[in-house]
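When we follow the working numbering, the leftmost residue of the sequence shown carries the number 711, and every step to the right adds one.
No residue lacks a Cβ here, since even glycine has one placed at the ideal position from N, Cα and C.
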Amino acid sequence: MLCSTHLLKRIGGFDERFFFYSEDIDLCKRFSEKGGKVYFFPGTSVIHYETANVKKDFWFYFKNLSMGKNQYYQKQYKSGIFLVLILIHSGILLRIPIYLLVGLIKMRSDWIKKSMIYLRLLIVYPQNQFCE
């Protein structure tokens, strides 16, 4: 991500309410709303060495990735948040039995673990920090 300091200050920098993940998406959206151009190069790859360590703790990684996305939706789509939340929860509810059944049928403990992680995710779903 490259941006001039002047433009970064103009949009207020990163939103510190994001703990992990999606803060870059939020920054690009706000930058675009102020007339800036956002470019995406799909052939480019970046290695986040710290993320590699975080992914070892799958629950921490998955929970914070999901919470970051949910916080982004809560912030950017206030008028349609109810519909977004229904879609998110429906997707989670569908994944729980699917991962569990496939994990049991194929004897894949990683799929069973994912099923349990989705179940936990429903319990710790983040509160909306962006209500004003």
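Where residue i falls, given that 16 or more other Cβ within 10 Å makes a residue buried
i       : result
Gly-778 : buried
Ser-742 : exposed
Asp-767 : exposed
Lys-785 : buried
Asp-736 : buried
Ile-833 : exposed
Ile-815 : exposed
Presumed contact (8 Å Cβ cut-off) between residue i and residue j, rounded CB distance
i       : j       : result
Ile-802 : Tyr-828 : 5 Å
Ile-791 : Tyr-783 : 7 Å
Top-ranked residue by Cα proximity to residue i, from the options
i       : options                            : result
Leu-831 : Lys-719, Asp-725, Ser-789, Ile-806 : Ile-806
Lys-850 : Tyr-783, Gly-790, Leu-717, Asp-725 : Limits of the chain in this structure are 711 at one end and 842 at the other, which puts residue 850 out of reach.
Phe-750 : Lys-719, Gly-722, Leu-712          : Leu-712
Arg-727 : Ile-757, Gly-753, Ser-755, Asn-774 : Asn-774
Proximity below 8 Å, CB of residue i to CB of residue j
i       : j       : result
Leu-810 : Ser-825 : yes
Arg-720 : Lys-739 : no
Open item on the list: With three or more C-beta pairs closer than 8 Å as the rule, is the stretch 766-781 touching the stretch 727-740?
Closed with: yes
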